[in-house]
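So the sequence shown is numbered by full-length UniProt numbering: it starts at 1 and just counts up by one.
We put the CB at the ideal spot given by N, CA and C, even for glycine.
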Amino acid sequence: MKPTITAYEYSYISQQLDALVSAYLSVNDKHMRRVVRDTTLERIKPLLPLDEPLVQEFLTRLQPDRLTRKAAAEIVPLLEPLVIPFPELTTKQLSKLFRKVKKLKQPEWATLNLHQLTYLGWNDGGNQKKYLVAPYQDRLIGIQGDLAPQVVKGVCSICHTIGNVSLFVSTTKRSGLGSYTRNGNYICRDSEQCNRQLTDPQGLADFITVVRPKK
Ligand SMILES: [Zn+2]
1 MKPTITAYEY SYISQQLDAL VSAYLSVNDK HMRRVVRDTT LERIKPLLPL
51 DEPLVQEFLT RLQPDRLTRK AAAEIVPLLE PLVIPFPELT TKQLSKLFRK
101 VKKLKQPEWA TLNLHQLTYL GWNDGGNQKK YLVAPYQDRL IGIQGDLAPQ
151 VVKGVCSICH TIGNVSLFVS TTKRSGLGSY TRNGNYICRD SEQCNRQLTD
201 PQGLADFITV VRPKK
């Protein structure tokens, strides 16, 4: 069984099921519920390897006329073995991505669901820093920046969703004698939440292009 579903597709599927549950709660007409369900299936089926038994089980359990929040939360993880996980990086690999950082705070790998990560992001609260590891041109790159302690409601530059964001300021370029180009963007304070909301990789790609360190 080779994983073929990306983390952002997995987030999309999960969001679609959330929307289906909400629709079921507000639509009383049986025919209308069927239309809503068919629309959901139309959207997610192209992302699924349909010949996998796990997918068949997922689709069968998605068919009833009603789906509770609890049932949806149980069937979404059925797909996890088919989702390409984010690689678990060693301390050494991470220090190579952040050469200039002396005491790099490590991500809490034990609490992360690697199937839900299109990128990896974690905060060093004490030093008001955020670290990101993201795919860029077929490899992983590390990006660090200052994370403002203030949390505001706003649109995240990565997942394009409204939520709790903070100003993230990265240094992208040395523009002359001792001066730097600093780049500020509001992004989700909680990167795991951001990943669960990230259903289109373009937002991340655009963000990385802007904030990646340039020589
Ligand atoms: Zn976000």
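Contact set for residue i: own chain, Cβ-Cβ below 8 Å, skip 5 residues either direction
{"i": "residue 186", "result": "152, 154, 155, 156, 157, 165, 166, 167, 168"}
Closer than 7 Å: residue i CB and nearest ligand 1 heavy atom
{"i": "residue 197", "result": "yes"}
{"i": "residue 118", "result": "no"}
{"i": "residue 158", "result": "yes"}
{"i": "residue 208", "result": "no"}
{"i": "residue 161", "result": "yes"}
{"i": "residue 187", "result": "yes"}
Environment of residue i [buried if 16+ CB atoms lie within 10 Å]
{"i": "residue 24", "result": "buried"}
{"i": "residue 198", "result": "buried"}
{"i": "residue 180", "result": "exposed"}
{"i": "residue 118", "result": "buried"}
{"i": "residue 144", "result": "buried"}
{"i": "residue 44", "result": "buried"}
{"i": "residue 107", "result": "buried"}
{"i": "residue 66", "result": "exposed"}
Beta strand (DSSP E) segment containing residue i, residue limits
{"i": "residue 214", "result": "Taken as a continuous stretch (DSSP letters only), residue 214 belongs to no beta strand (DSSP E), as it is neither H nor E."}
{"i": "residue 144", "result": "139–147"}
{"i": "residue 124", "result": "120–124"}
{"i": "residue 73", "result": "Premise fails: residue 73 lies in the alpha helix (DSSP H), 69–75, not in any beta strand (DSSP E)."}
{"i": "residue 188", "result": "180–188"}
Close Cβ partners of residue i (< 7 Å) along its chain, the five nearest in sequence each way excluded
{"i": "residue 104", "result": "94, 95, 98"}
{"i": "residue 147", "result": "123, 128, 129, 130, 166, 168"}
{"i": "residue 78", "result": "54, 57, 58"}
Segment limits, alpha helix (DSSP H) that includes residue i
{"i": "residue 55", "result": "53–62"}
{"i": "residue 92", "result": "91–97"}
{"i": "residue 13", "result": "7–26"}
{"i": "residue 41", "result": "30–44"}
Cutoff 6 Å; reference residue i; Cβ partners in own chain excluding five residues on either side
{"i": "residue 69", "result": "21"}
_Quick test of the definition: if touching needs 3 or more C-beta pairs under 8 Å, does the stretch 113–129 touch the stretch 29–38?_
no
### Stretch pair the stretch 84–91 + the stretch 57–66: three plus CB contacts closer than 8 Å
Because the criterion of three Cβ pairs below 8 Å is not met, the stretch 84–91 and the stretch 57–66 do not touch.
Requested in this report: Could you tell me whether the stretch 74–83 touches the stretch 5–17, where touching means 3 or more Cβ pairs closer than 8 Å?
Outcome: yes
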